[in-house]
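So the sequence lines, in the order shown, correspond to chains Z and P.
So the first sequence is numbered by UniProt numbering: it starts at 1 and just counts up by one.
So the second sequence is numbered by UniProt numbering: it starts at 1 and just counts up by one.
Where a beta carbon is used, it is the ideal one built from N, C-alpha and C, also for glycine.
2 protein chains.
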Amino acid sequence: MQGLHQFSTPSDNWCQVHFANSEIKVARASKQYIYDDLGTEFLDCVSSSAHVGHCHPHVVAASQTQMQKLWTTQGFLNDTYSLYMKKLMDVLPESLSVVYLVNSGSEANDLALRLGRLYTKRDDVAVFESSYHGNISSLVDVSSKSFKRLPQGKKEFVHVIPLPKCQNIEDQTVENEQANQEKYCEDAQRVIENASKNGRPIGILLSEMVISAAGLVIPPLGYFKNLYQMIRNQGGICIADEVQTSLGRIGGDFWAFQLYGVVPDILTFGKSIGNGFPIAAVVTSREIANCLPEYMNTYGGNPLACAIGKAVLEVIVNEKLMYSAKMVGKSLLEGLRGLMSKHPSIGDVRGMGLCVGVEVVCGRPDMKPATILANRILYLLKEEKVIVATQGEERNVIALTPPLCFTLDNARRVVEAFDKAFTKANQSEESEPVRPNTSFLGLDNIPLNVMGGDEETDTSPAKRQRTYEEMD
Amino acid sequence: MQGLHQFSTPSDNWCQVHFANSEIKVARASKQYIYDDLGTEFLDCVSSSAHVGHCHPHVVAASQTQMQKLWTTQGFLNDTYSLYMKKLMDVLPESLSVVYLVNSGSEANDLALRLGRLYTKRDDVAVFESSYHGNISSLVDVSSKSFKRLPQGKKEFVHVIPLPKCQNIEDQTVENEQANQEKYCEDAQRVIENASKNGRPIGILLSEMVISAAGLVIPPLGYFKNLYQMIRNQGGICIADEVQTSLGRIGGDFWAFQLYGVVPDILTFGKSIGNGFPIAAVVTSREIANCLPEYMNTYGGNPLACAIGKAVLEVIVNEKLMYSAKMVGKSLLEGLRGLMSKHPSIGDVRGMGLCVGVEVVCGRPDMKPATILANRILYLLKEEKVIVATQGEERNVIALTPPLCFTLDNARRVVEAFDKAFTKANQSEESEPVRPNTSFLGLDNIPLNVMGGDEETDTSPAKRQRTYEEMD
Numbered sequence: 001m002q003g004l005h006q007f008s009t010p011s012d013n014w015c016q017v018h019f020a021n022s023e024i025k026v027a028r029a030s031k032q033y034i035y036d037d038l039g040t041e042f043l044d045c046v047s048s049s050a051h052v053g054h055c056h057p058h059v060v061a062a063s064q065t066q067m068q069k070l071w072t073t074q075g076f077l078n079d080t081y082s083l084y085m086k087k088l089m090d091v092l093p094e095s096l097s098v099v100y101l102v103n104s105g106s107e108a109n110d111l112a113l114r115l116g117r118l119y120t121k122r123d124d125v126a127v128f129e130s131s132y133h134g135n136i137s138s139l140v141d142v143s144s145k146s147f148k149r150l151p152q153g154k155k156e157f158v159h160v161i162p163l164p165k166c167q168n169i170e171d172q173t174v175e176n177e178q179a180n181q182e183k184y185c186e187d188a189q190r191v192i193e194n195a196s197k198n199g200r201p202i203g204i205l206l207s208e209m210v211i212s213a214a215g216l217v218i219p220p221l222g223y224f225k226n227l228y229q230m231i232r233n234q235g236g237i238c239i240a241d242e243v244q245t246s247l248g249r250i251g252g253d254f255w256a257f258q259l260y261g262v263v264p265d266i267l268t269f270g271k272s273i274g275n276g277f278p279i280a281a282v283v284t285s286r287e288i289a290n291c292l293p294e295y296m297n298t299y300g301g302n303p304l305a306c307a308i309g310k311a312v313l314e315v316i317v318n319e320k321l322m323y324s325a326k327m328v329g330k331s332l333l334e335g336l337r338g339l340m341s342k343h344p345s346i347g348d349v350r351g352m353g354l355c356v357g358v359e360v361v362c363g364r365p366d367m368k369p370a371t372i373l374a375n376r377i378l379y380l381l382k383e384e385k386v387i388v389a390t391q392g393e394e395r396n397v398i399a400l401t402p403p404l405c406f407t408l409d410n411a412r413r414v415v416e417a418f419d420k421a422f423t424k425a426n427q428s429e430e431s432e433p434v435r436p437n438t439s440f441l442g443l444d445n446i447p448l449n450v451m452g453g454d455e456e457t458d459t460s461p462a463k464r465q466r467t468y469e470e471m472d
Numbered sequence: 001m002q003g004l005h006q007f008s009t010p011s012d013n014w015c016q017v018h019f020a021n022s023e024i025k026v027a028r029a030s031k032q033y034i035y036d037d038l039g040t041e042f043l044d045c046v047s048s049s050a051h052v053g054h055c056h057p058h059v060v061a062a063s064q065t066q067m068q069k070l071w072t073t074q075g076f077l078n079d080t081y082s083l084y085m086k087k088l089m090d091v092l093p094e095s096l097s098v099v100y101l102v103n104s105g106s107e108a109n110d111l112a113l114r115l116g117r118l119y120t121k122r123d124d125v126a127v128f129e130s131s132y133h134g135n136i137s138s139l140v141d142v143s144s145k146s147f148k149r150l151p152q153g154k155k156e157f158v159h160v161i162p163l164p165k166c167q168n169i170e171d172q173t174v175e176n177e178q179a180n181q182e183k184y185c186e187d188a189q190r191v192i193e194n195a196s197k198n199g200r201p202i203g204i205l206l207s208e209m210v211i212s213a214a215g216l217v218i219p220p221l222g223y224f225k226n227l228y229q230m231i232r233n234q235g236g237i238c239i240a241d242e243v244q245t246s247l248g249r250i251g252g253d254f255w256a257f258q259l260y261g262v263v264p265d266i267l268t269f270g271k272s273i274g275n276g277f278p279i280a281a282v283v284t285s286r287e288i289a290n291c292l293p294e295y296m297n298t299y300g301g302n303p304l305a306c307a308i309g310k311a312v313l314e315v316i317v318n319e320k321l322m323y324s325a326k327m328v329g330k331s332l333l334e335g336l337r338g339l340m341s342k343h344p345s346i347g348d349v350r351g352m353g354l355c356v357g358v359e360v361v362c363g364r365p366d367m368k369p370a371t372i373l374a375n376r377i378l379y380l381l382k383e384e385k386v387i388v389a390t391q392g393e394e395r396n397v398i399a400l401t402p403p404l405c406f407t408l409d410n411a412r413r414v415v416e417a418f419d420k421a422f423t424k425a426n427q428s429e430e431s432e433p434v435r436p437n438t439s440f441l442g443l444d445n446i447p448l449n450v451m452g453g454d455e456e457t458d459t460s461p462a463k464r465q466r467t468y469e470e471m472d
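Spelled out as structure tokens, the structure:
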């Protein structure tokens, strides 16, 4: 307006704040592959939003057809919405019969909290340590990972449950699992009782079933049955945040709560359902929904979103992607576990379906987080044209959440690339090197994951926002 | 999952919660027209989201092309984003140089509040009476229209400025405007001083320039200069919520703040920029942006949104839509004002560009709001195949916010339809009829606008959520 801005590429500008200072400029993407502007192909193990594969032709076709007819219908009925609702209802438990369509996982979790608070008439929320539920005010407040970086810290209505962290869900013997579970449940019970004692009874448990931001922590299989019972016994309700785990991500089932044999009172999900299009959902019972007399959302349920959502569900079923995710995920998990004997800095490999985490440590059994090594592995994998991300408090858990069309061949390629990367890293490895200077980021102790960016941490102001923080 | 749900059409289900129980099932839309499933054409005066026209071919083409290449790029660079940013920067004041792309006006206003609070280190927010800024927790808290329906009411950090309501911006003589303005500024000054006296100095003014939910209230032209100054003088910042008024809606200029000769510290906008695709933005100065070390959003800046956003800006410029909105809006305003002498129940006609409000009253000069009559006019206009909405505390302001491709012919048609509708309504008009039973909605005193729905208020549970509340 008043002259040109100093703006040439996103990396010159704060506009870039959403993105990594990645050397990879993506020009196009297809299935589980992304291509940079030189045509180089990368195996994409991070774009969980591209759930059924980047630019899936069935989804693209459905979207292109709808686009010519109708985008926005706020205030009117439209058949596309009805058709999508029918399909969605078919994959939901009967008790969850009311759907609100929104634009993002954050909007979904915020609405879920509002519903929960109206229903329970309580403000207090229990969340896991290191949890992350979204990037709007109400969710920054209840995301342990986020609020602890803020000056005011934890608010009085938030209660933090210690992570139910066990090494590996599948390796556990029945006895171990039982013991772990009891300990974790006691941890939770203590938090619930303390809250109550202090006159702040917990109204809402807001939790993921696989705690992503904490480093893909997978609680023991019996855990949520007990936890949900404890919350409900004292008058609370349970919200399952499945933004990261919905529609078959965990393999075999549509939802992670199915694995745990529970049904949440409110379910939120996103990412997967739009294959990259901004759409998310809150589902709950009629009883809870009755507490909110009305809800409006400009784009919620728009026919474009619904046409895409419906096509995504069709692809999942038609291509048996949930079964595939289970099988391929198992193979990936086993392959990566096979590397543990060779590479002692792989502390743990855990996962369900195509949601796999590799914990990078200074050594076993010490298990001290190896943040810098994990970051180095990222870059070595990038040299192998395999794109991964890091997660966890110490950003030492390499997370793999590829599109569900990921194949057995892809899994083998990833395992080989990991083997190469750890071998290379170990050859040049000293003891855990000094952490890069990240104080300018205002963060306490963790270097952000510079995914595909400059390996050397560049502390110039121009670079400070271009660090890739997490897959949320 | 467990059997079929009782679900046939949206109107059987709470899923329908976003939508009106409208008899109009929209099958397709083009330009400023929507078509129901029988092919009936309606002139759409409400879909402000379809800013440059429903399914505009240039926007559809840009979107279809992008869809085949790349949808999601979280963590990577992409050229589409850069190109869009350049175009957007060109229509923004130089001081507003940092852009955050998000998915909805609500997400934008929430982020703006976060930025404002971090920057001012104050929690307190001043808003207008009857204001509406979005449908997520933090915005329900600061939207006068929303929080007053909640049990807890207004929170202590919220300060409500009386509406700077004058009858008509263009009719005012210079003297009148000066007098009005002084009174409104004194009202605001009192609120600001009281807040400060009570140890809660206002950190943020969050306001629309045309206060939509209050019934398209247009403050006097000098008002915001004074108000912004008052807020800034005591250490606060000013957020302009232009979700409803951005990109030429008010005619002639890209932004409503230009009309008032101010530049906000933070600007939010949405709806218009995606032409129906979920995209919105926060723009601020580098100084304010520096307070938030990082911001991630799964879809923010995705290439699909950017391709669409860029195409929308191109259409606005290529088709001279801002100039057209100004001219056509003027003609519409004059035409509707011409009806005032014939129809005393038209209390006021006000507007800027294609943002026009018709205040329906029991009579002049009394100006008592005629809610039921306004609602009746909606249905009579629908018989004329003209779709409008109501706004305002008493829902007696008929709002016209059509796509910007609205023509002079369309304006004439609307004026004729209003004439017919008021004539018919007056023929059958008694004194203001008894209000329909809306107690089941949990609302205090206002019947919701049942846009295009059953004229008789149906109080059965199946219908309770299908009332169209507002154009947000």
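Taking only beta carbons into account, state which residues of the segment 339-353 of chain Z come closer than 9 Å to chain C, listed in chain order.
Among the protein chains in the structure shown, which are Z and P, there is no chain C.
Measuring alpha carbon to alpha carbon, tell me which of LEU38/Z, TYR132/Z and CYS45/Z ends up nearest ALA399/Z.
It is CYS45/Z.
Give the residues of chain P in contact with LYS183/Z, contact being defined as C-beta atoms less than 7 Å apart.
By Cβ distance, chain P contributes nothing, its closest Cβ being about 32 Å from LYS183/Z, past 7 Å.
List the residues of chain P that VAL60/Z touches, going by C-beta distances under 8 Å, in chain order.
Within 8 Å Cβ-Cβ: MET67 and GLN68.
Take TYR81/Z and list the residues in its own chain whose beta-carbon comes closer than 6 Å to its own, dropping the five residues that flank it on each side.
GLY301 and CYS306.
Compare the C-beta of TYR119/P against all C-beta atoms of chain Z and say whether one is closer than 8 Å.
With its beta carbon at least 8 Å from every one in chain Z, TYR119/P lies outside the interface.
Burial state of VAL317/Z (16 or more Cβ within 10 Å):
With fewer than 16 other Cβ atoms within 10 Å, it is exposed.
Sort THR72/Z, SER324/Z, LEU77/Z and ALA50/Z by Cα distance to LYS69/P and report the nearest one.
Closest in alpha carbon position to LYS69/P, among THR72/Z, SER324/Z, LEU77/Z and ALA50/Z, is ALA50/Z.
When the Cα atoms are used, what is the spatial distance from MET352/P to ASP110/P?
Taking the straight line joining both Cα atoms gives about 27 Å.
List the endpoints of the continuous beta strand (DSSP E) containing HIS56/Z.
Boundaries cannot be given for HIS56/Z, as no beta strand (DSSP E) includes it and DSSP labels it neither H nor E.
In the structure shown, what three-state DSSP assignment does LYS87/P receive?
The answer is helix: DSSP assigns LYS87/P an H, G or I state.
Quick check on VAL434/Z: buried or exposed, where buried means 16 or more other Cβ atoms within 10 Å of its Cβ?
Only weak support exists for where VAL434/Z lies, its pLDDT of 39 falling under 50; the value from the coordinates is given anyway. Residue environment analysis places VAL434/Z among the exposed positions, since fewer than 16 neighbouring C-beta atoms fall within 10 angstroms of its C-beta.
Closer than 9 Å at the beta carbon, the chain P residues around ASP124/Z:
Below the 9 Å Cβ cutoff, chain P contributes no neighbours of ASP124/Z, its closest Cβ being approximately 15 Å away.
Residue from TYR184/P, ASP124/P and ALA179/P whose Cα sits closest to the Cα of GLU156/P
Just measuring C-alpha positions, the residue of TYR184/P, ASP124/P and ALA179/P sitting nearest GLU156/P is ASP124/P.
MET296/Z and ASP253/Z - do their beta-carbons sit closer together than 8 Å?
Cβ distance not < 8 Å, so ASP253/Z and MET296/Z don't count as in contact.
Rank GLY215/P, THR245/P, ASN176/P and SER104/P by C-alpha distance to the C-alpha of GLY222/P and give the top, closest one.
Answer by Cα proximity: ASN176/P.
Less than 8 Å between the C-beta atoms of THR401/Z and LEU354/Z, yes or no?
It is a contact, given that the beta carbons lie within the stated cut-off.
Taking only beta-carbon atoms, is ASP419/P less than 8 Å away from chain Z?
The beta carbon of ASP419/P does not come within 8 Å of any beta carbon belonging to chain Z, so the residue lies off that interface.
Just the C-alpha distance for VAL388/P and ILE202/P, rounded to the nearest angstrom, thanks.
Here the C-alpha atom of VAL388/P lies approximately 37 Å from the C-alpha atom of ILE202/P.
Taking all protein chains shown into account, decide if ILE377/Z is buried (16 or more other Cβ within 10 angstroms of its Cβ) or exposed.
Around the Cβ of ILE377/Z, a 10 Å sphere holds 16 or more other Cβ atoms; the residue is buried.
Per DSSP, what kind of secondary structure is CYS238/Z in: helix, strand or coil?
Three-state result, CYS238/Z: strand.
Thinking C-beta only, is ALA214/P closer than 8 Å to LEU259/P?
No; because the gap between Cβ atoms is not below 8 Å, this pair is not in contact.
Just the Cα atoms here: how many angstroms apart are GLY347/P and LEU216/P?
Distance between the alpha carbons of GLY347/P and LEU216/P is about 14 Å.
Quick check: is the beta carbon of GLN64/P nearer than 8 Å to any beta carbon in chain Z?
Closer than 8 Å to some Cβ of chain Z, the Cβ of GLN64/P qualifies, so yes.
When you compare each of CYS55/P, GLN32/P, ILE24/P and SER47/P to THR40/P by their alpha carbons, which one comes out closest?
Nearest of CYS55/P, GLN32/P, ILE24/P and SER47/P to THR40/P, Cα basis: ILE24/P.
Using the Cβ count rule (16 or more neighbours within 10 Å means buried), how would you classify LYS310/Z?
Buried, because 16 or more other Cβ atoms sit within 10 Å of the Cβ of LYS310/Z.
Please list, in chain order, all residues of the same chain as ASP36/P whose beta carbon is under 8 Å from its beta carbon, the five residues on each side excluded.
Spatial neighbours of ASP36/P in its own chain (CB-CB distance under 8 Å, excluding positions within 5 residues in sequence) are listed in chain order as ILE24, LYS25, VAL26, ALA27 and PHE42.
Could you check the C-alpha separation between ARG350/Z and VAL356/Z for me, to the nearest Å?
Taking the straight line joining both Cα atoms gives about 6 Å.
C-alpha distance - VAL140/Z paired with ASP409/Z, whole-angstrom precision
Using only the alpha carbons, I get a separation of about 39 Å.
Are CYS185/P and LEU118/P close, meaning C-beta to C-beta below 8 Å?
In this structure, LEU118/P does not lie closer than 8 Å to CYS185/P by Cβ.
So which residues on chain Z does THR73/P lean against when the C-beta distance must stay under 7 Å?
Within chain Z, the C-beta atoms nearer than 7 Å to that of THR73/P come from VAL26, in chain order.
Of all the alpha helix (DSSP H) runs that stay within the bounds of the segment 300-364 of chain Z, which reach a length of 4 or more residues?
You should have 303-318 and 321-337.
Against chain P, with Cβ distances strictly below 8 Å, would ASP110/Z count as a contact?
For ASP110/Z, the answer is yes, since a Cβ of chain P falls inside 8 Å of its Cβ.
From the DSSP secondary-structure annotation, give me the bridge partner or partners of ILE266/P.
DSSP, once it has assigned bridges, lists ILE239/P and THR284/P as partnering ILE266/P.
Taking three-plus beta-carbon pairs below 8 Å as touching, is the segment 226-242 of chain Z in contact with the segment 257-274 of chain Z?
When Cβ pairs closer than 8 Å are counted between the two stretches, the segment 226-242 of chain Z is seen to touch the segment 257-274 of chain Z, the count reaching three or more.
Buried versus exposed, by CB contacts within 10 Å (16 or more), GLN178/Z
Answer is exposed; the Cβ neighbour count stays below 16.
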